[in-house]
Each structure stands twice: as structure tokens, then as C-alpha cells.
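Residue numbers (my numbering), protein chains in the order written: chain U, 224 to 363; chain F, 224 to 363.
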């Protein structure tokens with residue numbers, strides 16, 4: 224079901240500072256910047272690698288307001304890994320298959336993610352404390 | 224410098240339960256089990272994908288004792304993402320380059336990691352709260 228580790232989602236206080244850090248320390252390159260009002264984040268995708276099933280990224284997330292999921296995460300735990308995104312071929316089918324196994328979903332239906340992807344989150348309570356995202360890359 | 228997301232390291236209380244969960248929920252397959260006394264963990268590598276630069280994995284980590292790094296992590300934060308491992312071509316060179324940028328290292332020299340890899344950890348304080356591992360895959 225999982226095609227690749229699509230991205231590591233990292234919560235930070237200052238997006239521009241953290242982008243510069245990942246660029247200068249690790250040589251990564253920003254390939255996309257977006258504001259996602261629905262998720263309450265300003266974000267950047269930094270390209271790590273390409274693979275047959277799709278690329279992989281470090282995703283840096285800065286909350287738009289303290290009263291957002293990422294804002295609350297920062298207040299509670301500080302900066303760090305917020306979630307893991309795995310690539311899937313068909314996110315709707317994957318959600319159905321996972322729900323059928325009794326795993327609690329955050330998103331019953333896919334929603335809009337980074338770079339036009341269809342994404343959905345699974346509840347961390349049922350995935351060993353890991354906020355887990357499924358990512359179906361946009362077709363070009 | 225970073226060739227791929229090599230693995231996501233996930234801390235758990237019960238390795239066998241969590242292996243079964245990742246196998247049945249996501250269809251991953253265990254390719255290696257090890258006990259690493261130095262790091263105080265019992266672990267399993269579950270294969271996610273292959274790519275030109277190397278494979279990627281979910282690494283499940285159960286502490287051997289409460290008084291280990293992963294044991295303390297579990298006591299403080301509960302189950303969840305413990306660290307992120309990135310593939311590099313030459314871990315010794317990467318450590319030198321990163322140290323030269325003023326990033327604090329946990330490991331000044333590489334040590335033994337999963338499946339014969341040479342690995343080193345960077346200090347999360349200097350990497351935005353992310354415990355970051357560099358992985359040079361064993362040559363076969």
C-alpha cells in the first residue's frame with residue numbers, strides 16, 4: 224500500500240529561518256511554498272530525492288496562528304517532527320482499506336495537500352502516536 | 224548531501240505488536256531484526272521502497288530498559304517518531320561538513336547502525352528539535 228516515504232513534516236516557529244537552515248546545512252532546495260488556510264499553515268517543500276514512485280521531501284510548517292493544529296503542537300511539544308507522509312497510488316482506496324481494519328481516520332475523504340496532492344490523515348492514537356498522512360501525488 | 228529519507232525511527236512499547244500493526248495495516252515487510260546493546264534498543268526494519276540511492280524503511284524501536292535514550296523518550300513523550308535518518312554517501316565526510324557549519328554533533332565519529340550501516344546522530348537542539356541521523360549504507 225505504501226509506495227514511499229513522501230515527506231517528513233516538521234513544525235517550526237520561523238519558516239524562513241528553517242528553510243535557510245536546511246538549505247545551508249544539508250543542501251536541500253525549496254521546490255514549493257504555499258499557504259494552506261484550511262490547515263492553518265505556511266509551508267515549504269524541500270526536495271530530498273527522486274524515485275520511481277515519486278519524489279520525497281522535507282516539509283517545513285509554520286502555523287498561521289497559535290490556535291491551529293501546528294500552533295498547538297508547537298506550544299505543547301516545541302519544534303520537531305509533526306507528521307510522516309507516505310505515498311499511495313490511490314488515497315481514496317487506501318482510506319477505505321485502512322478504515323476497514325478499524326483504524327480511526329482524521330479525514331474520511333481526501334482533501335487538498337501540498338503541490339496539488341490529494342491527502343488524508345490517520346489518527347495518531349491508532350498509529351502508535353504517529354500522525355500519519357497518505358499522499359496521492361497530483362497527476363501532471 | 225542528503226540522498227534520501229532512509230528511515231523514520233519510531234519508538235514503541237512493544238516491538239512485536241507494532242510490527243504486526245505495520246504489516247497488517249500498511250503491508251510493510253520486516254527485512255531485519257536486531258538488538259543494539261550500545262543504543263539500548265530492540266529494533267526491526269520494515270521495507271517501504273527502493274530507489275536508485277538506496278531503500279527506505281520504517282524502523283521500529285523498543286527500549287531494552289527504561290534507562291535508555293528510547294526508554295526516556297517513551298516516558299517523557301509516549302510512543303511516536305523518535306528520529307529521522309537520511310542517507311548520505313560518506314558519513315565521515317558529511318559529519319565534517321556539518322560540524323564545520325557549527326552544528327552540534329552527538330557522534331563525532333560514525334558508529335554501528337542497522338543492517339551494517341555506518342551512522343551518526345546530530346543534536347536535535349541544533350536541527351530544529353529533530354533528532355537527525357546520517358546513514359551510510361553498508362557496501363555488499
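Ideal placement from N, C-alpha and C gives every residue a C-beta, glycine not left out.
Chain U residues whose Cβ lies nearer than 7 Å to that of residue 302 of chain F: 351, 352
Helix, strand or coil at residue 276 of chain U according to DSSP, with G and I counted as helix: coil
First through last residue of the alpha helix (DSSP H) which encompasses residue 297 of chain F: 292-300
Residue-chain proximity (residue 248 of chain U, chain F), Cβ-Cβ < 8 Å: yes
Contact under 8 Å by Cβ, residue 338 of chain F with residue 268 of chain F: yes
8 Å Cβ cutoff met for residue 355 of chain F and residue 306 of chain F: yes
Cβ neighbours of residue 260 of chain U in the same chain (closer than 8 Å, five flanking residues each side left out): 287
Where residue 303 of chain U falls, given that 16 or more other Cβ within 10 Å makes a residue buried: buried
Amino acids of chain F, ordered along the chain, whose beta-carbon sits closer than 7 Å to that of residue 298 of chain U: Under the 7 Å cutoff, chain F gives no residues; its nearest Cβ is about 13 Å from residue 298 of chain U.
Cβ pair count under 8 Å reaching 3, the stretch 312-326 of chain U against the stretch 226-237 of chain F: no
Cβ neighbours of residue 237 of chain F in the same chain (closer than 8 Å, five flanking residues each side left out): 285
Short Cβ contact (8 Å threshold) for residue 311 of chain F with residue 283 of chain F: no
Within chain U, the residues that residue 274 of chain F reaches when beta carbons sit closer than 9 Å: 227, 272, 273, 274, 275, 276, 279
Min CB distance residue 344 of chain U to chain F below 8 Å: no
Beta carbon proximity, residue 238 of chain F to chain U, threshold 8 Å: no
At least three beta-carbon pairs within less than 8 Å, the stretch 243-260 of chain F to the stretch 293-302 of chain F: no
Buried versus exposed, by CB contacts within 10 Å (16 or more), residue 360 of chain F: buried
Minimum C-alpha distance to residue 297 of chain U - residue among U:281, U:243, U:264: U:264
Whether residue 345 of chain U touches residue 276 of chain U by CB criterion (8 Å): no
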